[in-house]
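Here is the structure we will look at, set down as structure tokens.
Protein chains: 2
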Amino acid sequence: MDLTTLFAGAKAAGRGLLQLPVERVNDILRAVADEAVAQSEYILAENARDLARMSSDNPLYDRLKLTPERLQGIADDTRHVAGLPSPLGRVLKHTVLPNGLDLTRVSVPFGVIGVIYEARPNVTFDVFALCLKAGSACVLKGGSDADCSNRAIVRVIHGVLERFGVDPATLTLLPADRAATASLLQARGYVDLLIPRGGRALIDYVRENARIPVIETGAGVCHAYFDAAGDLRKGMAIVNNAKTRRVSVCNTLDSLLVHAARLADLAALCAPLVESRVRLYADAQALAALRGHYPDELLEEATEASFGTEFMDYKMAVKTVDSLDDALEHIARFGSGHSECIITEDEATTAKFLRLVDAACVYSNAPTSFTDGAQFGLGAEIGISTQKLHARGPMALEEMTTYKWLVRGDGQVRPK
Amino acid sequence: MDLTTLFAGAKAAGRGLLQLPVERVNDILRAVADEAVAQSEYILAENARDLARMSSDNPLYDRLKLTPERLQGIADDTRHVAGLPSPLGRVLKHTVLPNGLDLTRVSVPFGVIGVIYEARPNVTFDVFALCLKAGSACVLKGGSDADCSNRAIVRVIHGVLERFGVDPATLTLLPADRAATASLLQARGYVDLLIPRGGRALIDYVRENARIPVIETGAGVCHAYFDAAGDLRKGMAIVNNAKTRRVSVCNTLDSLLVHAARLADLAALCAPLVESRVRLYADAQALAALRGHYPDELLEEATEASFGTEFMDYKMAVKTVDSLDDALEHIARFGSGHSECIITEDEATTAKFLRLVDAACVYSNAPTSFTDGAQFGLGAEIGISTQKLHARGPMALEEMTTYKWLVRGDGQVRPK
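Same order as they appear, the protein sequences are chains A and B.
Sequence positions in the first sequence follow my numbering and run 1231 to 1646.
Sequence positions in the second sequence follow my numbering and run 1231 to 1646.
Here it is, written out as structure tokens:
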């Protein structure tokens, strides 16, 4: 199959969406939510075919599995997106120039958004809903493990689109093979923005090979710095929440930096982690402070590799620093620009940390676990951007739009 | 020379700028303006060495050449940048969440901005001034033809930076060879944003090879559509201004689309172009309408290649369309997403054109020649972005910043 035809179809569908009224978009999303439930038997049967090909020991199995409850959750999420304000048509700037030209900078759809993701069929609904709400067609490349599920979901959504007289190419699912990924990365002139959702290997592959604009999402090496002026009680709650709330997500804490003046409090700071059996990789000073107070079988001496690692597990590095500047230096070196946090009661220290840390989200006295579009009150998000271009941190509906300048004149010309 | 050392130096300098007060930035820029004039003898002598290596017949010669007047102009431009409002520290969003978390989305510098450009030494001043004002260090890769000039300018600016106690790596000039370009494109982790300024070949090379975020600038295939309801007098002024004001810039008109119902007015519409001896490549219908009214030696039949071409010359394609939809279709196919214009007195037609054309700047009854940061009242610009990510159209100081989220808490944690 010539994928160029598919890309061109998606582009035409994206142009068609420019004429689709906002209320119609929301009606479609609500209808999709209804169908996700009404056709759950069909979707689950196709999902079962995917599951049959995967060992239930595989850690991906749970992410691949759909259930009636999960479909109900997907329907709820889709209805939620329908209820959010439209990110389109926002007047971002408006001026009338001295020569009478009327300038408006207004938010508009990208056109076509490409998303590459792994074996999580819920993402198919999710990305479609967000892209449609943002006025863009989407080109999806899902994981081959979820291909039956994805095809079923797309068939259900296509039924709704056809019922509403909307071009089904608004949701274009590519073949689940590597050749499709390679073509998508080269789909210049058709796909306006590409968002890879997945592990490090996928992101690296996309960065190396994409010829179209990409927003990188995902990798978070997050630090908490417990300052000389840190409040111990707050620190205990923040470190524990940031580390153990969910270890497999990108906003999870990976490294604790502790001011040398507070080594005596380190054991108390880490005490809440024992319950979750968090393994600590501590430098010599921190190790000495923890020995005898933290379970010995969960304590190891840190190596160079302990720092800058995204553990995705009940593991955390611990490093002693002599000053705020040391902490800033460490974060600049090992952080991934995702989320960083300071625990301190000192206002000048807070201000310096917030100013100098170069990351999407910089926290004082709150855990990095809050880095999330819904938590930030932004509605749904398509991912957490770790780059600085266009979207930084939670990428929600507003960041899924671009803008254009509308210039209304009456025959003015520009002087030579 | 190991360029990684240079990149790391620029990164450290960019971090240092986070502590430089805005007033200091402006003082530095004013001092640079003073030195551009005070040291003009030295700069011009070095520029003469570059000029001696280039034939004065070379079309680049004039762009390479500096004069006392041009240095004065550069000084004025630099002072102008000093006088613009700082794009940093703007509060883009502020909310207090129900749990008491205080969220601020604030504009911050990128860190390090890389710019690749050709033999135009004025760009060295220009990019430095804009990047510093936007709080970023810059890494410059200039054309080898201008290397003596660029090194002299950088030396002058370094003198100012040292006087103000600012790290000279804030302005890092790379060797003027291809190896440096290749390294820069791979400078992941050091350079946050890359802006190529130059011709199509450079932009294509950068897109193919960059592993860091890029903003493409430059290419403009611009259309004007003279609608059935177009005002002839406005049309004549607009088409002439858009085509002939300056033919070598990206906002220049390349194609005129004329509604078939107005073919009788086509000769009048094009009459002002005769003075500039604009060569027209017209389709059969338009050619028939022009024959006998437009100088024969300036008329040719259009070929497929006439459309979608950025002429950069006194040349223009002319195409007859049967409807607004035809015009929209043609623009979608051949436009480069830069600037497009309609000439019409019909409000519904205007609204449809403004809504459906997918370009950075969409005009009604005004020429595309206005696409320019200063004309838009945005201050100085670093280029015209033709992509949709982050900056679209004139990229001025605001678009040379990114943002981060500051989250201030008091020990709140996120529920499981």
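Where is the CB? At the ideal position from N, CA and C, for every residue including glycine.
For Cys1591/A, a Cβ of chain B is located within less than 9 Å of the residue's own Cβ.
For the region 1309–1343 of chain A, the set of positions with a beta-carbon nearer than 7 Å to some beta-carbon of chain B reads Thr1325, Leu1327, Leu1331, Leu1333, Phe1340 and Gly1341 in chain order.
Look at Arg1293/A here: in three-state DSSP terms it is helix.
When only Cα atoms are considered, Leu1529/B and Ile1614/B end up about 32 Å apart. Residues Leu1314, Gly1603, Ala1626 and Leu1627 of the same chain have their beta carbon placed closer than 7 Å to that of Gly1609/A, with the five preceding and five following residues left out of the count. For the options Ile1387/B, Leu1370/B and Glu1299/B, the alpha carbon positioned closest to that of Asp1407/B is the one of Leu1370/B. By the Cβ-count criterion, Asn1277/B is buried, with 16 or more other Cβ atoms from all chains shown falling within 10 Å of its own Cβ. Shown here, Tyr1420/B sits in coil according to DSSP, grouped into three states, outside any helix or strand. A Cβ-Cβ separation of about 5 Å places Ala1589/A in contact with Glu1570/A under the 8 Å criterion.
Residue environment: Arg1563/B is assigned as exposed (fewer than 16 neighbouring CB atoms within 10 Å of its CB, all protein chains considered).
Contact between Pro1426/A and Ile1346/A holds: CB atoms are separated by about 5 Å, below the 8 Å threshold. Contact of Thr1632/A with chain B by beta-carbon distance below 8 Å involves Lys1618, Leu1619 and Arg1622. The region 1319–1337 of chain A makes no contact with the region 1390–1409 of chain A: fewer than 3 CB pairs, one atom from each, lie closer than 8 Å. By the Cβ-count criterion, Gly1450/A is buried, with 16 or more other Cβ atoms from all chains shown falling within 10 Å of its own Cβ. Contact residues of the region 1528–1553 of chain A toward chain B are absent (C-beta to C-beta distance below 8 Å).
Three or more Cβ pairs drawn from the region 1438–1445 of chain B and the region 1616–1623 of chain B lie within less than 8 Å of each other, which places the two stretches in contact.
Closest by C-alpha distance to Gly1395/A, out of Ile1468/A, Ala1243/A, Ala1268/A and Lys1646/A, is Ala1243/A.
For the region 1581–1605 of chain A, the set of residues with a beta-carbon nearer than 7 Å to any beta-carbon of chain B comprises Leu1584, Arg1585, Leu1586, Asp1588, Ala1589, Ala1590, Cys1591, Val1592, Tyr1593, Ser1594, Asn1595, Ala1596, Pro1597, Ser1599, Phe1600 and Gln1605, in chain order. Under the DSSP definition of a beta bridge, Cys1571/B partners with Ala1454/B and Tyr1593/B.
In the DSSP assignment, Pro1298/A falls within the unbroken alpha helix (DSSP H) covering Pro1298 to Gly1313. In this model, Leu1496/B and Leu1462/B are separated by some 9 Å (Cα to Cα). Around the beta carbon of Asp1457/A, a 10 Å sphere encloses 16 or more other beta carbons of the protein chains shown; the residue is thus reported as buried. Interface criterion not met: the Cβ of Gly1239/A is under 9 Å from no Cβ in chain B. Boundaries of the beta strand (DSSP E) around Ile1612/A: Glu1611 to Ser1615. Proximity of Ile1445/B to chain A, defined by a Cβ-Cβ separation below 9 Å, is satisfied. Close to Gln1269/B, with beta-carbon spacing below 8 Å, lies no residue of chain A; the smallest spacing is near 32 Å.
Interface criterion not met: the Cβ of Ile1561/B is under 9 Å from no Cβ in chain A. When Cβ-Cβ separations below 9 Å define contact, Arg1509/A makes no contact with chain B.
Within a 10 Å sphere around the beta-carbon of Val1488/A sit 16 or more other beta-carbons, which makes this residue buried. The beta carbon of Val1353/A is closer than 6 Å to those of Tyr1347 in its chain, skipping five residues each way along the sequence. Cβ proximity to chain B below 7 Å picks out Arg1437, Glu1438, Arg1441 and Pro1443 from the region 1426–1446 of chain A. Excluding five sequence positions before and after Arg1622/B, the CB atoms of its chain that fall closer than 6 Å to its own CB belong to Ala1590 and Ser1615, given in chain order. Shown here, Tyr1272/B sits in a helix according to DSSP, grouped into three states. Scanning the region 1498–1543 of chain A for uninterrupted beta strand (DSSP E) segments of 3 residues or longer gives 1509–1512 and 1529–1531, listed from N- to C-terminal end. Within the region 1470–1481 of chain B, the residues whose Cβ lies closer than 7 Å to some Cβ of chain A are Asn1471 and Arg1475, listed in chain order. In the three-state DSSP reduction, Gly1239/A falls in the helix class (H, G or I).
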